[in-house]
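What follows is one structure encoded as structure tokens, with my remarks underneath.
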Amino acid sequence: MAKGDHILVSYGLYTHHGIDLGDGTVVEWSKGQEYSKGQPIIARVSFEEFSKGQAVTVVEYSHCDPPEIVVGRALSRIGETGYDLIFSNCEHFAT
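Structural data, given as structure tokens:
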């Protein structure tokens, strides 16, 4: 995995997506209590918190923005709320 990669973890019935920042952290839609009393929020978390011990896969694309652009875009969204399973979920965020 490298800086700016779109990564995912599979939990059988669903997958969870995020952006690898290349420094041991990931930007994701988070439900952590320390962020928002359980309300989903875009947050920077440790790689371990993102993966929860599961295998992590890099999503491959034929064309990607440069890592600095991807990371900057992800970081600029930290603190956003408004998660929606259909219209604004973790896969939408990471793509």
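Numbering (the numbering used here), first residue to last: 147 to 241.
Where a beta carbon is used, it is the ideal one built from N, C-alpha and C, also for glycine.
Own chain, CB closer than 7 Å to residue i, minus 5 neighbours either side, in chain order
i	result
residue 171	190, 191, 192 and 193
residue 229	175, 186 and 235
Cut-off 8 Å between Cβ atoms - residues of its own chain near residue i, not counting five sequence neighbours on either side
i	result
residue 224	173, 188, 189 and 190
Nonlocal neighbours in the same chain, by C-beta distance under 6 Å from residue i, ignoring five residues either side
i	result
residue 167	217
residue 214	none
residue 237	163
Distance between beta carbons of residue j and residue i, contact taken as under 8 Å
i	j	result
residue 203	residue 165	Not quite, the Cβ-Cβ distance comes to about 14 Å (not below 8 Å), so this is no contact.
Identity of the residue in the options nearest residue i by Cα
i	options	result
residue 157	147, 201 and 177	201
residue 128	234, 151, 237 and 163	No answer is possible for residue 128: the residues shown for the chain start at 147 and end at 241.
residue 150	206, 161, 232 and 233	206
residue 209	226, 169 and 241	241
residue 220	148, 147, 177 and 239	239
residue 227	177, 211 and 195	177
Terminal residues of the alpha helix (DSSP H) in which residue i lies
i	result
residue 238	236-240
residue 217	213-222
residue 194	193-197
Any non-hydrogen atom of the ligand ATP within 7 Å of residue i CB
i	result
residue 228	The ligand ATP is not among the ligands present in this structure, which contains no ligands whatsoever.
Continuous beta strand (DSSP E) stretch holding residue i: start and end
i	result
residue 174	171-176
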